[in-house]
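**Q** Take a look at this one; I'll ask things after.
There are 2 protein chains.
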Amino acid sequence: MTGPRAASASYLKVKQHLKDGLAEGRWRPGQLMPSEAELVAQFGVSRMTVNRALRELQAEGLVERVQGVGTFAAQLHHVSSTLTIRDLHEEIEERGHRHDAQVHLQAREPANAAVAHRLGVKPGAMVFHTLIVHRENGVALQCEDRYVNPAVAPDYLGVDFTRITPTRYLLQVAPIWDAEYVLSACPASPEEARLLDIAEGDACLVIERRTVFRGVPITWARLVHPGVRYQIAGRFSP
Amino acid sequence: MTGPRAASASYLKVKQHLKDGLAEGRWRPGQLMPSEAELVAQFGVSRMTVNRALRELQAEGLVERVQGVGTFAAQLHHVSSTLTIRDLHEEIEERGHRHDAQVHLQAREPANAAVAHRLGVKPGAMVFHTLIVHRENGVALQCEDRYVNPAVAPDYLGVDFTRITPTRYLLQVAPIWDAEYVLSACPASPEEARLLDIAEGDACLVIERRTVFRGVPITWARLVHPGVRYQIAGRFSP
DNA sequence: CAGTGGTCTAGACCACGAC
DNA sequence: TCGTGGTCTAGACCACTGA
Chain A
1 MTGPRAASAS YLKVKQHLKD GLAEGRWRPG QLMPSEAELV AQFGVSRMTV NRALRELQAE
61 GLVERVQGVG TFAAQLHHVS STLTIRDLHE EIEERGHRHD AQVHLQAREP ANAAVAHRLG
121 VKPGAMVFHT LIVHRENGVA LQCEDRYVNP AVAPDYLGVD FTRITPTRYL LQVAPIWDAE
181 YVLSACPASP EEARLLDIAE GDACLVIERR TVFRGVPITW ARLVHPGVRY QIAGRFSP
Chain B
1 MTGPRAASAS YLKVKQHLKD GLAEGRWRPG QLMPSEAELV AQFGVSRMTV NRALRELQAE
61 GLVERVQGVG TFAAQLHHVS STLTIRDLHE EIEERGHRHD AQVHLQAREP ANAAVAHRLG
121 VKPGAMVFHT LIVHRENGVA LQCEDRYVNP AVAPDYLGVD FTRITPTRYL LQVAPIWDAE
181 YVLSACPASP EEARLLDIAE GDACLVIERR TVFRGVPITW ARLVHPGVRY QIAGRFSP
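One line per chain: the protein sequences are A and B, in this order. Here full-length UniProt numbering is used: the first residue of the first sequence is 1, the next is one more, and so on. Here full-length UniProt numbering is used: the first residue of the second sequence is 1, the next is one more, and so on.
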């Protein structure tokens, strides 16, 4: 007997059974849950099938598994959410609106201490720096202040960023990377206020993001959004 | 031959090989990638092993798989990030600081139209409403304005929220749920400014979150944080 | 030592899409 | 029809943990 018969696959049935039990509190956080062997006997499926169910629950953060010990109901401490950071150009186009970018700066300059640390270069080393304002239907939506490691994207200064966003360009140079980010709310500085056409001190949503490709820092960006015009939405489970 | 020999498991080797190829641009977004059968031949492993590697890459958003067609390199459109939303009490205690909560409101009241819609009840139906300020070492960190569906947490009004946070209490009532959230930056309202001991109009980081348990709305909360005192940090890969 | 999870195999049947 | 991915099996060896 194999193949998905009626509604769902076997591993999904096992998974749902355990999920239901966790939701009902049948296993309190930290408590030992049934072993693979027990579930094999209970559901009459092979161990690989049970293993897949448990592995996916682990990936979702619902259970913790320790080799040689067992599977435990996860603590409730935190929940993981999936936050989708899109390329702004695509996001705007998808809304059926028009995106354009104003390039206020695109230059080579020596890194100050803070930038040097974030890009993993020596203070004073030359790095690339862009300052770009992205607009949706002519309304400023994001002020992108970005520093780039020249070793990773040597042609960065030659790119026409009115035609492609730095994010998208860098994704082409290094399609896979790790990132760290910090979200915060800040009052607009005088310069930011001027660039975004808002009042000085207005609340802004700020994302600072550093990306790393194979251990080498690629770029560090500070993305400032007018609070009244920009939100980040998402959903997650559990 | 089986078991993890030297450094890593077979499925990890297959996975890393494909990840490297994607990073180098060997397969451009949308392009067809090797089939399971090809990878089986190339690596000399079983199909289940290759399947696991591909399934995990799919879960990570690096490839897209279509039954009957093949596996494709994913588009670069977006990246998924893991944002960890912790229980504020635990977060503060973990920093070695002291958390306390000031309960400004804990009452039953009729839902207005907006709240009724978010909690899936009729306008005018009675719901629970709490307004709590959380402090770290005596400094206000979060103003939590929360509405709760009485059907899910009937004992909500009897809970002492100076001893347990609403988030943690609700996790006990419904350990597993789905959530939607919106992040934004807003100026502090007069009331928020008073509660958080900041100036009116100061930039605040706002999280609005709605959670659903088995299709039934549990709670909707608006969490307002002083921008100067609160940040959300995280990391993600790819 | 026994029990646990971690991984792997060499097959298998199925659903689906393209031809 | 053929090749694709989706799922499943009944074993297996291994590393690890705890008694």
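Quick reminder that beta carbons are idealized off the backbone N, C-alpha and C, glycines included. Nothing here was measured: the structure is a model prediction, and the numbers come from that model.
(1) Output yes if chain B places a C-beta closer than 8 Å to the C-beta of A/D178; else output no.
(2) Quick one: which chain B residues come within Cβ less than 8 Å of A/I232?
(3) Would the stretch 190–197 of chain B and the stretch 131–149 of chain B be scored as touching if the rule is three or more Cβ pairs under 8 Å?
(4) Whole-angstrom Cβ separation of B/T219 and B/L157, contact assumed at under 8 Å?
(5) Would A/L105 pass as a contact of A/H134 if the rule is Cβ separation under 8 Å?
(6) When you compare only the Cα positions, how much space is there between A/P4 and B/Q67?
(7) Measuring straight from C-alpha to C-alpha, what distance separates residue 297 of chain B and A/H89?
(8) Can you name the residues that DSSP bridges to B/R108?
(9) With DSSP collapsed to three states, give me the class of A/H134.
(10) Taking only beta-carbon positions, decide if A/L53 is within less than 8 Å of chain B.
(11) Quick one: using the 10 Å Cβ neighbour count with 16 as the cut-off for buried, is B/K19 buried or exposed?
(12) If you follow the beta strand (DSSP E) that B/E144 is in, where does it begin and where does it stop?
(13) Let me make sure I understand the geometry here. Which of B/A113, B/V159, B/R163, B/A73 has the alpha-carbon closest to that of B/A107?
(14) Identify which residue in B/C143, B/A153, B/T49 has its Cα closest to the Cα of B/V224.
(15) Roughly how many angstroms lie between the CA atoms of B/R86 and B/E38, to the nearest whole one?
(16) Assuming B/P29 contacts B/A74 under a Cβ cut-off of 8 Å, what Cβ separation, rounded to an integer in Å, is found between them?
(17) What do you get for B/T2, buried or exposed, if any count of 16 or more other CB atoms within 10 angstroms of its CB means buried?
(18) By Cβ distance below 6 Å, which residues in the same chain neighbour B/V40 in space, the five residues on each side in sequence not counted?
(19) Nearest CA to the CA of A/R214: which residue from A/A179, A/G25, A/F236?
(20) Judging by CA-CA distance, which residue of B/W177, B/P110, B/L22, B/Q16 is the nearest neighbour of A/E60?
(21) Can you name the start and end residues of the beta strand (DSSP E) that B/I207 belongs to?
(22) Is B/C204 closer than 8 Å to A/A233 when the C-beta atoms are compared?
(23) Can you give the Cα-Cα distance for B/G25 and A/Q102, rounded to whole angstroms?
(24) Nearest-angstrom Cα distance between A/A6 and A/Q16?
(25) For A/K19 and chain B, any beta-carbon pair shorter than 8 Å?
(26) What whole-angstrom Cβ distance do A/S10 and A/F43 have, given they're in contact under 8 Å?
(27) Whole angstroms is fine: what's the gap from A/M126's alpha carbon to B/L62's?
(28) Counting only the same chain and skipping the five closest in sequence on each side, list residues whose C-beta sits under 6 Å from that of A/V182.
(29) For A/G3 and chain B, any beta-carbon pair shorter than 8 Å?
(30) Determine the extent of the beta strand (DSSP E) in which B/G30 is found, giving its start and end residues.
(31) Look at the alpha carbon of A/D155 and the alpha carbon of B/I132, and state the distance between them as a whole number of angstroms.
(32) Does B/P217 have its Cβ less than 8 Å from a Cβ in chain A?
(33) Could you tell me whether the Cβ of B/L205 comes closer than 8 Å to any Cβ of chain A?
**A** Well, looking at it:
(1) yes
(2) V182, L183, S184
(3) yes
(4) A Cβ-Cβ distance of about 14 Å is found for the pair B/T219 and B/L157, leaving them out of contact under the 8 Å criterion.
(5) Contact annotation: A/L105 and A/H134 have beta-carbon atoms that are not nearer than 8 Å.
(6) The predicted model places A/P4 with a pLDDT of 36, which falls under 50 and marks its position as unreliable, so this point remains unresolved.
(7) Residue 297 of chain B is absent from the model: chain B starts at 1 and stops at 238.
(8) B/R108 is bridged to B/F128.
(9) strand
(10) Rather than Leu, the amino acid found at residue 53 of chain A in this sequence is Ala. So, not an interface residue.
(11) buried
(12) 139–148
(13) B/V159
(14) B/C143
(15) 44 Å
(16) 6 Å
(17) At B/T2, the pLDDT of 35 sits below 50, so the modelled position is not reliable; the number obtained from the coordinates is stated separately. When all chains shown are included, B/T2 counts as exposed.
(18) Result list for B/V40: R47, V50, in chain order.
(19) A/A179
(20) Nearest C-alpha to A/E60: B/W177.
(21) 203–213
(22) no
(23) 29 Å
(24) Legend: pLDDT at A/A6 = 37, less than 50; position of this residue unreliable, value from coordinates given subsequently. Cα-Cα distance, rounded: 15 Å.
(25) yes
(26) 7 Å
(27) 33 Å
(28) Same-chain partners within the cutoff: E208.
(29) Interpretation of A/G3 is limited by its pLDDT of 34, a score under 50 that renders its predicted location unreliable; no figure is taken from the coordinates.
(30) No beta strand (DSSP E) contains B/G30, which DSSP labels as neither H nor E.
(31) 52 Å
(32) no
(33) For B/L205, the answer is yes, since a Cβ of chain A falls inside 8 Å of its Cβ.
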